[in-house]
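Student:
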Amino acid sequence: MAVVQAESVTFLWEGRDKRGVKLKGQQVAANPSLVRAELRRQGINPIRVRKKPKPLFGGAGHRIRPKDIAVFSRQLATMLKAGVPLVTAFQIIAGGVKNPRMRNMVNRIRSDVESGGSLFEALSAHPGQFDELYVNLVKAGESAGVLDTVLDEIASYKERIESIKGKIKKALYYPAAVIAVAIIVSAILLIYVIPQFEGIFANFGADLPAFTQAVVSVSRWLRSNGFGLLIGLIVVISSLVTLKKRSRPFAHWLDRVSLKLPIVGAILEKAAIARFCRTLAITFAAGVPLVDALKIVSGATGNQVYNDAAARVREDVAVGHQLQLAMQQTDVFPNMVIQMAAIGEESGSLDHMLIKVAEAYEEEVNNAVDALSSLLEPAIIVFVGVVVGTMVIAMYLPIFKMAAVI
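Here the sequence shown is numbered in my numbering, starting from 86 and rising by one per residue.
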C-alpha cells in the first residue's frame, strides 16, 4: 500500500526558552505536532502553533521569474559548497522566499528529494521554471558527483543571461515608455484642450491658418474615431503576440526583421550569439554530447532565427559534419565565431573558446546598450518637445495673427 506524503505548509509559532524569554517564528512542516516536537528538541516550550493565514489579496503570489531562478541557483550552489545538506539547503531557501509560489515550489522540490528522488527528477516536475538545459546540467552534475560545481556554473550562467536581458529591455523599454507618454499627452491635448481653443477661434469669425486648421481636423477625427482606433490597436497587438507564440514561421520572420533594425538589430544579434555560445559551452563542458547540447541550445538563444540555425547545425553535426562547417552553412554566424569554433574543435578546447566568444559579445552588448542610452536620451527629449510644441504653436498662431492685425 502506497504511503501518501502529507503536504508541507507554513506554521507560525510562539514559545519560551529555558530562560522564560518569549520567542516566535515560522516553520514549514506537515502538521503542528512536528513543529512542537522540533521546538522542544531545540529547548523551546511551544505555547501556540497555528497555520500561517493566506493574505486576503495576492494569495497566489507573483509569478516565478527567471531572476528568481537565478537567485535560487546561486543560493543553492553557495550552501552546497559550504557543506550544507541538500534538504536543509531547501529548507533555508524556502524560509527566506517572500513569493508564495516560489516558496511552494521549493518546498515541493524538497519533499521530492527528501522522499528519495534525485534532484534531477524533482526539478523535471517543474518544466516552466527549469528548462531542458538546467535539468540536463543538474543530471550530469549528480552523475559525476560535482553537483555543487555544476550549480555554481548554472548560477553564473543565469546571472549573465539575466543581466544581458535586463540591459536589452532597458534599451528598448525606456524610449518606448517615453514615446508612449508623449502619445498619451498628445491625445489628451487633441481630445480635451484643442476643442476649447476651437470654440474660441469660432467666435473670431476669421479664417484659421492652414497649420492650425490641420491640427483642428486631426482633433475632430480623433474625437470621432479615437475609441475605435484604440480597440483596433489592442486587437492588432494582441493578435501579433498570439501569432508569434503559435506560429513558428511568423516568429522566425519577426525575429529576422528585428535583427535588421538600425542599431537595435546589432544589439539583438550580438546577444543571441552570446547566448548560443555560452549555452553550448556550459552544456558541452558538463559532459553532454555535442548533438544533445545543440538540441538544448536550439531553444535557448532568445531569437527564433538563431534557434532554427542551432537546430540545423545539430542536424549537420549528427551526420558527421564538423561544428564550424555546420555553423558556416547557416549564414547567420560571423566569421570570427566560426573560426573560434574551428580552433576549439582542433585543439580540444571547444568549451573554452566558446566562453571567450560569449564574453566578447556580452561586452559588446554592454557597451552598445550604454552608448544607445546616451544617444537616445537627448533624441527622445527633442521628439517630445517637437510633438507637444507643434500643437502649442498651432493653437497660438491665430492669436499671433490677430495681434498683428490689431
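Quick reminder that beta carbons are idealized off the backbone N, C-alpha and C, glycines included.
1) Can you tell me where the alpha helix (DSSP H) holding residue 265 begins and where it ends?
2) Determine the burial state of residue 100: buried for a count of at least 16 other Cβ atoms within 10 Å of its Cβ, exposed for fewer.
3) Under a three-way DSSP split, which group does residue 91 fall into?
4) Using DSSP bridges, identify the partner residues of residue 369.
5) Looking at the unbroken beta strand (DSSP E) that takes in residue 114, where does it start and where does it end?
6) How many whole angstroms separate the CB atoms of residue 239 and residue 190, which I take to be in contact at a CB cut-off of 8 Å?
7) What number of angstroms, rounded off, separates the C-alpha of residue 503 from the C-alpha of residue 374?
8) Assuming residue 188 is part of the alpha helix (DSSP H), what are its boundary residues?
9) For residue 224, which option in 330, 429 and 208 has the closest C-alpha, if you only look at C-alpha atoms?
10) By Cβ distance, which residues of its chain are closer than 6 Å to residue 453, with the 5 residues on each side in sequence left out?
11) Can you confirm whether the region 431–451 touches the region 260–270 when touching is taken to mean that 3 or more C-beta pairs between the two stretches lie within less than 8 Å?
12) Which class does residue 101 belong to by DSSP, given the choice of helix, strand or coil?
13) Within the same chain, show all residues whose beta-carbon is closer than 6 Å to that of residue 403, passing over the 5 residues directly before and after it, in chain order.
14) Where does the unbroken beta strand (DSSP E) through residue 78 begin, and where does it stop?
15) Whole angstroms is fine: what's the gap from residue 358's alpha carbon to residue 443's?
16) Suppose you measure from the CA of residue 144 to the CA of residue 186; what does that come to, to the nearest Å?
17) Taking one C-beta from the region 245–252 and one from the region 393–411 each time, how about it: are there three or more such pairs within less than 8 Å?
Tutor: So, from the listed chains and residues:
1) First-last of the alpha helix (DSSP H) with residue 265: 232–273.
2) A residue is called buried once 16 or more other Cβ atoms fall within 10 Å of its Cβ, and residue 100 is buried on that count.
3) Unreliable positioning characterises residue 91 in this predicted model, as indicated by a pLDDT of 49, which lies under 50. A coordinate reading is not provided.
4) Residue 369 pairs with nothing; no bridge assigned.
5) Residue 114 -> beta strand (DSSP E) spans 107–114.
6) A Cβ-Cβ distance of about 17 Å is found for the pair residue 239 and residue 190, leaving them out of contact under the 8 Å criterion.
7) Residue 503 cannot be examined here, being either before or after the span of the chain that is shown, 86 to 491.
8) For residue 188, the enclosing alpha helix (DSSP H) starts and ends at 185–199.
9) When the alpha-carbon of residue 224 is set against those of 330, 429 and 208, the nearest one is in 208.
10) Cβ neighbours of residue 453 within its own chain (closer than 6 Å, five residues either side excluded): 352.
11) Segments in contact, no.
12) Three-state result, residue 101: strand.
13) The answer, listed in chain order, is 376.
14) Here the chain has residues from 86 to 491 only, and residue 78 is not among them.
15) Annotation: residue 358 to residue 443 spans about 7 Å, alpha carbon to alpha carbon.
16) A caution first: residue 144 carries a pLDDT of 48, below 50, which makes its placement in the model unreliable, though a value can still be read off. One alpha carbon belongs to residue 144, the other to residue 186, and they sit about 9 Å apart.
17) With the cut-off at 8 Å, the region 245–252 and the region 393–411 do not touch.
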